[in-house]
Structures are given as C-alpha cells and as structure tokens.
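Trainee: Protein chains in written order, with our numbering: chain A, 6 to 469; chain B, 2 to 493. Think of the CB as a built atom: it goes at the ideal place given N, C-alpha and C, for glycine as much as any other residue.
#1: Listing by chain order, which chain A residues have their CB less than 9 Å from the CB of residue 21/B?
#2: According to a CB-to-CB cut-off of less than 7 Å, which residues of the stretch 180-214 of chain B neighbour chain A?
#3: Could you give the distance in angstroms between the alpha-carbon of residue 168/B and the alpha-carbon of residue 173/A?
#4: How about residue 394/A and residue 386/A: do their beta carbons lie closer than 9 Å?
#5: Can you pull the chain B residues whose beta carbon is under 9 Å from the beta carbon of residue 316/A, in chain order?
#6: Report the residue from 101/A, 96/A, 57/A, 146/A whose alpha carbon sits nearest the alpha carbon of residue 30/A.
#7: Quick one: Cα of residue 109/B to Cα of residue 66/B, how far?
#8: Going along the chain, which residues of the stretch 397-409 of chain A sit with their C-beta nearer than 8 Å to a C-beta in chain B?
#9: Given this structure, state the Cα-to-Cα distance separating residue 410/A from residue 449/A, to the nearest angstrom.
#10: Run through DSSP, which three-state label would residue 468/B get?
#11: If you check the beta carbons only, do residue 288/A and residue 301/A fall under 9 Å apart?
#12: Counting only the same chain and skipping the five closest in sequence on each side, list residues whose C-beta sits under 7 Å from that of residue 268/A.
#13: Between 63/A, 191/A, 13/A, which has its C-alpha nearest residue 475/A's C-alpha?
#14: Can you have a look at residue 141/A and say buried or exposed, based on whether 16 or more other CB atoms are within 10 angstroms of its CB?
#15: Would a check of beta-carbon distances place residue 147/B closer than 9 Å to chain A?
#16: Which residues mark the beginning and the end of the alpha helix (DSSP H) in which residue 415/B is found?
#17: Identify every residue that forms a DSSP beta bridge with residue 100/B.
#18: My parser needs the alpha helix (DSSP H) runs of 4 or more residues fully inside the stretch 225-307 of chain A; what are they?
#19: With 16 as the cutoff for other CB atoms within 10 Å, does residue 106/A come out buried or exposed?
#20: So what does DSSP say about residue 123/B, is it helix, strand or coil?
#21: Would you mind sorting residue 217/A into buried or exposed? The rule is 16 or more other CB atoms within 10 Å of its CB.
#22: Please say whether residue 267/B and residue 96/B have beta carbons closer to each other than 9 Å?
#23: Listed in chain order, which residues of the stretch 440-456 of chain A have Cβ atoms closer than 8 Å to some Cβ of chain B?
#24: Between the Cα of residue 475/B and the Cα atoms of 356/B, 398/B, 417/B, 347/B, which residue gives the shortest distance?
#25: Alpha carbons only, please: which of 316/B, 28/B, 173/B is nearest the one belonging to residue 113/B?
#26: Going by other Cβ atoms of all chains shown within 10 Å of its Cβ, with 16 needed for buried, is residue 134/B buried or exposed?
#27: For residue 404/A and residue 237/A, what's the separation of their Cα atoms in angstroms?
#28: Compute the Euclidean distance between the alpha carbons of residue 228/A and residue 26/B, then round it to the nearest angstrom.
#29: Determine, using beta carbons only, whether residue 35/B and residue 185/B come nearer to each other than 9 Å.
#30: Is residue 170/B closer than 9 Å to residue 153/B when the C-beta atoms are compared?
#31: Rounded to whole angstroms, what is the Cα-Cα separation between residue 261/B and residue 214/B?
#32: Flag this pair as touching only if the stretch 54-62 of chain B and the stretch 37-44 of chain B have three or more C-beta atom pairs under 8 Å; answer yes or no.
#33: Please say whether residue 130/A and residue 81/A have beta carbons closer to each other than 9 Å?
#34: Could you please give the first and the last residue of the uninterrupted beta strand (DSSP E) stretch that includes residue 145/B?
#35: Which same chain residues, not among the five before or five after residue 105/B, have their C-beta less than 8 Å away from its C-beta?
#36: May I ask you to report which of helix, strand or coil DSSP gives residue 444/B?
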C-alpha cells in the first residue's frame, strides 16, 4: 500500500524540494539520499541483503571489464549465481521446505523489490559482459540506479542505457512534465482505488470461498480478476511513472492495452513489457530463440514461460500458468490457419482469463476445479435476482465499478487508436482542465475503496 | 523565472481551491447528529463552542446515561446554575478527559460532574472500552488544536483499527457514506441554530424495570475491577481538576447495569482521592430524589425527561448548598432557551395524553404540522365533542364527514387543507419551507377502499389502524413527535 499512502507523497514532496534545490550536477545525490530514506522510512527489512547484492554485482561488473574468455564467462556465471541465490531461497524457500522436504514454512527476510532488482541487476551484468556499455565505476551512482524508489517495488524493470543517463544528468524543473506527472498519479489512484480494489471485494469473496460459488459467479469473478490484475499493475506502473516524471525522469511503459491483443503472443508484447522483453533478451534468445528449428523454438518457449511462472511465485500453479501460456502460443502457431480473425480478441481474452484463474486460485487443483464448475454449473439467474450484490458490493458500488471499467476500456481504446488522453486534456482551457482534475480527485476520494472497514489490498505485483 | 512564478501561483491557487472542495466534501460526508437524532452529539459539541467564554460554572461529562440525565435548563430555572452537558453516547474516560481539556480552553468551570458508567467494562472487544463510531462522534466535532492532536494520537495508539489520517481526512473513514447521504448531511448550516438544550438529550419513554430495587451501602464489600485504561484517564481527569482548583464529582445515574460492587469500587476511589461520589442507585439518593424506576426511566439505563428533572433539581440544590454555585444574576444564554425547553417538554408530555379533546387542543400549535387520515369508518366514535375539537383545529368540513367515507386533514401554520369523499383521497404537500414533503392517503371503506397512509419524507408514519390516524410533525425539530390513532380512545 506504500504507493497510495499519504506518507509517501509527503516524502516525495520533501525529496523533490531538495532535488530542485541543489545544483544540477549534484541532483543525483538527492535521488540516492531519497532512495535510502525511502527504504528505511517505509520498509527497513533486509536492507543488508539489498546492499550486499548491489556491492557484489558492482564488483562483478568491474571484474568483467578486466577479464576475457572463459574467465569472463566464469565471473558472469558467478555474478548471476550470487544475485539469484538470495532471490531463489527467499522466494522459493518455503515451497521447497513444505512441498519437497515436508517441513513447516519459515519467515524469510525479504528485501524490498527483490524480484525486480534481481532481474535489473542480471540485465546490467549481462549487458556489461556483452560490452554493450561501460560499467558504472561510481558505486554510489550504481546504487542509485538499482534502488531508484519510484520503481523499486513493482517495476517497470529498467534498462541501464534508458534510465541511467536521466538519473545522472540532473533535470531542470519542467512544468509540462510536472502536469503530466500529476495526471498520471491521479489516473494511478483511479485505477487502484476505484477499479482494482473494488473488483477485489468480489474476486476475493469468490476465489477465497470457491466451493460455495459456481457457474456465473466464477465467470464474473474471473473476468473481474483479469480486470483487477490489469488495473492494479497498471496503477503501480502509472504511479511510478508519475513520481519519476516529477523529477523529469521518463520510465518506460509497461503495458500497451493488453486485453486488445489478438493472440497470446501479441498479449505478451503488451503485458508487463519490461518483463517480457527481459525474458526475450536474457532467456529466450540466449537459449537459441527461433534460430534452431521449430522443436527447439517450442522448447525454448516452454522454458522461458516456466521461468516467467517461477518468477511470479513458487509452486506448481505458477509453473502450470507459465507452461499454459507457452502451450497457448505453440497452439496458436500450429493452428494459425484456423484462427478466426473477427473473434481473435475475444478468444485471446478468454484464454488469458482461464490462465489467470489458475494464477489467482489457491492451488492448481482448485483453479482447475473452478474452471470445471464454470461449465458444469448453470445459474444465469444470479445475474437478475440481486444475488450478485451479496458478494460484498452493494448495487451502487457495483454500478460505480462497471462505469469505471467502462472508462478504462474507453481510455485504452483511445490509446489503441493512437490518441493520448492526457494530451487531449492538456489542450483544453485551464478552467476545464482544473474542473476535470478536481472532479477526478473528489470522485476518487468518494468512490474509491479504501479506509476503515475495508481490507486494503496490497499491490498484487508487489508480492512477486 | 517569470514562467516558474506564474506556475507556482497557479499551483497554489489550484491547491487552495482543491482544499476548500475537499473540506466541504468532508463536511458533507461526516455524519451529523442534530436535534432530529435521538442522541444529538453534533449539537452538543458545536453548541459548546457557541457559548460565551467563561460563563459555564458546571460541566457534565460521561456517557449517554449522563447526556439524558443532567438537564442544564432545569438547573438554571431552579437555582440559576449555569451548566453545560458535554456527555455523549458511549463516552469513554479518554474522550471525557480530552473534552474536559478542550472545554478548559474556553470555560473556567468550578465543578466537573463525571458519570462513571464507562469506568467498568462496556465492550471488552474494544480497546477503548466503547464503540469506535461513538468515539469518532465525539472527536469529529472537536476543533483542531494541540489537544485534539494529542487525543487522536492516543486513540490510534490504543486502537489499531483507527488511523491518524482518518482524523485529518475524514473521507478515509466516511467516504462510503456517499451512497447513503441524507438531507441532514447537506443542511448542516441551518441545523446549527438548535443548541438550546446545552448538551442535554431529552428522552420520553417510561420504560424502566417495574421491579428495580436500589442497593444500600454496606450490602456487600465486593469491589468491581475498573478497566485499567479508563482508571488511568480518570486519574488524569482528577489531576487536572486538582491543578485547576475544580471540584470533581463522580456520579452514577440510575441504571440497571450498575451494582453495589461497582459502587464500592468508585466509593473507594473517591475516598482515596478526596472527591465526591453521588450514586443515584444507592437507596439514600434514590429515595431522596423520589425516583420511580418504571416511571422515570426511558429504558433500563437512561432516565427520561421527568427523571432528569428530579435528579437535576436535586443536584442543583446540592451544588448550591455545598459548592455555593448558582443564584447569580443570571445569563441570557440560559434564560432565552427556556421557551424551547418547555416546548420539548410538552412534546414529550403529548405522548401521555389519553383524552382526545385534550390531545387535539395540545397539538394546536403553529410549531406543529398535523396530518390526519381516516382508515375505515371514522364515524362510530365521532362524538360532538370530538367534532368540535377538530373544528377548533381548523377543520371546516369535519361536521359533514359521513359514515364509511374517506377524510384527510393537514394543518400547517394556522391554515388547513382537507377533503372528505366517498372515494379514495390522496394529498401531497410540503412543510418547513418545502424541505419536508408528505403524502396522505385515506380510504374510508365504502368506495375508497380500506387504506390509510401518512408518509413524511417517504417514510410511513401512520399507525394505520382503523379510525382517525394523526401524525404530529415538529417544524422546529424536523421530526415526528407523535403518531396516534383515535378509535374511541387514543392508541399508539
């Protein structure tokens, strides 16, 4: 919940004040100070693992510069191993203990954003190894790049060459960027509080009590989960982009209207783009990509998506979810000619929706059971007899959720058509712009799902 | 640079307007409890801030037991005592302490009278001993100052469910109310004028136990255990009173939940700390006040307006004699509210009038809107006296009302609308400057069907029994005062 806390925005104002106060040349030091302060003000736990990983990886990249041949390969391998080991044990330790060793789970020390910074560091080390850029000699600057607080918790996973120059050069205050940043932050709050957390009320009710619900209940909850996950993750990316933009820093887009995808392959070009491109560049292509024949290509696809599944969480269901996406894409390739173009978006959405059920369910078994009950139980009357309003949202709240989803759809449609809504708003006259902004803020304040009586939802991707 | 300054000015203006809008939204969202609520907590606290500074000599604190018991108007009328009742529903001792501190910013009371109900366990599942929403009610109306700041920090320290941000930004607590906002949420500026009762809450039922027996000191030596947090805040209250040279009096109003063990515990505390303790459940005070539990209590826990008059006069007398308070030159603040109090008293008494002619005479007041609808046959019990009483109530055609006919009457500010017919009748109208709408339907049974409805603001208020149904609406307090049916006798 850090990204939507009042304390974070007070902290942000403080860092911004000092950032623009110091001379251009030293502004990066304020970002570093902000990152350290952020970690200790909002998290604290596992800072030494995070710091250790930064120092080790920096040291590895320094060594990579001096070695070549097998020595260089060995150093890179060692570097990746040292960075991955903490992530592997922290994220998979309990699964190994419980499922494989039959022991009880333990409480691991989890550094903030470990899944994200692990990938960020691996990408950096591999790029240095490949000689794509010189390693950063200044450890403080490197630490600032890894720990940049707007994206540390939930990405997007940045690339060194895209982000580092913006962090180091120091940025002048730019009004246009500041206004865009405010729009992004308002939109992020809308996505999180009015859509994701409102949908979560129904999703949690059905998924957490799935034996009690069947048929249309599961259809609705699964559709809402697809929307919740998208709105939630898009919210945190949008908020991160907004916060970074206040410093004049542009973070890469992480989504491109994923539910408008015409195939699962297309979906992965639009969903969590920074992870997809990471997997492509550092797993799929190094494995051989599609250069070694069809069978190897499919095998690489399966490996890549199983790794993607494992990154999202420990357990069979995540492996199954990753594998399902790989098989979807293999199937799409095999049955390419059968594809019915006009329904491709709908079919793609339904396929992804089934995969999300497994992703969200308690276990693979319960996920499959839910999918089975979607088809075997017939109860369409719940759509007409007010039973839907017993799932935790009263009818007025339900209507707000539907309208908000409609608004998200329209915004995405405009973006798909190449029209940027924030650009459109910025072209309006000042009083109308202010009216829209203030209306949006008051609207979110009234209609959001937060505060006393609500079990506030953490950002879903913050848990990965 | 000029561009940056322009941007800064625009930003400040934007934030300023937004702050005003957020504040207004929060004001609308925050629940309000004015004179049309059973427990008008908002009136109690907002009214306190309206009092002239340093005019209140006696302050009352405590739970709803105290709010419905200590009657400042009666005390003023009897002995000229200038008091204010800061009690509210489920007021725990933490709330009492901070409201005492807040009161001391504006007033210099000589005596503080504290009801001790929440010293003992009220709700064991609540960290503050009482419900969260009641604590909120008390603090939502407190002005921001160092005292409120300390209070909310204390509350949030003890109660993990509560957050500081919800006090700074009430929308965090109340935003879900958007779906249930009512008229009173928007008309708070006009409701503010009703502070006449100085925090006192009048209750009008006579519903106490018929078999209540007061206990006697010495019946047992058992001692109940106080809730440690509540005792801690009682100590702080005692300390503040000592520092400010204020007499602290602990009291317990008549309540079935009180017993001799609790009495012993409070008595012991009072003796050890040199403070007075008056317990109206103990036989001596109970009998001195001539309390009749079944007559003077609204329910088993709260005294009604008649019980409050007895106890308030008793306390006022004691304050006068023992603390030399009252009998001063008087104050307009209390003198001018007597008329309103007498109206409230007569509203309460209305419910106990059993003679229809007396009843019709009693409701013939401009401050009432009277809504009448006949269900079934209204002529059986329509004596000449009753017809005459109706005529006096601005009914011109009651005399012509026929057997098994429909009839309705609306009396409002000296004028009336009425109709009689063999068909079904209905009438729509409004009162209180068109803020309150009502709908009357009458079916006498012949051709009009057998139907009766009197709705005020969409809410059914008629008893809908066979006979003449009467609803009395107070224009002043904007609530239904009484709803009866006359069918030979008055039934409720």
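Mentor: With the given structure in hand:
#1: Counting only Cβ-Cβ distances below 9 Å, residue 21/B has no contacts in chain A at all, with the closest Cβ about 10 Å away.
#2: 180
#3: One C-alpha to the other measures close to 40 Å.
#4: no
#5: What residue 316/A touches in chain B: nothing, since even the nearest Cβ is about 34 Å away.
#6: 146/A
#7: 24 Å
#8: Within the stretch 397-409 of chain A, the residues whose Cβ lies closer than 8 Å to some Cβ of chain B are 399, 401, 402, listed in chain order.
#9: 14 Å
#10: strand
#11: no
#12: Hits under 7 Å: 337, 349, 353.
#13: This structure gives no information on residue 475/A, because the portion of chain A shown stretches from 6 to 469.
#14: buried
#15: no
#16: Looking at the DSSP string, residue 415/B is not in any alpha helix (DSSP H), and its letter there is neither H nor E.
#17: Note: residue 100/B sits in no beta bridge, so no partner.
#18: 269-275, 278-284
#19: Flag for residue 106/A reads exposed.
#20: coil
#21: That one is exposed.
#22: no
#23: Result list: 442, 443, 446, 447, 450, 451, 452, 453, 455, 456.
#24: 347/B
#25: Among 316/B, 28/B, 173/B, the Cα nearest to that of residue 113/B is on 316/B.
#26: exposed
#27: The straight-line gap from Cα to Cα measures roughly 19 Å.
#28: Rounded to whole angstroms, residue 228/A to residue 26/B spans 33 Å at the Cα level.
#29: yes
#30: no
#31: 12 Å
#32: Touching, no.
#33: A contact, by the Cβ cut-off of 9 Å.
#34: Looking at the DSSP string, residue 145/B is not in any beta strand (DSSP E), and its letter there is neither H nor E.
#35: The beta carbon of residue 105/B lies closer than 8 Å to those of 241, 245 in the same chain, with the five residues before and after it left out.
#36: strand
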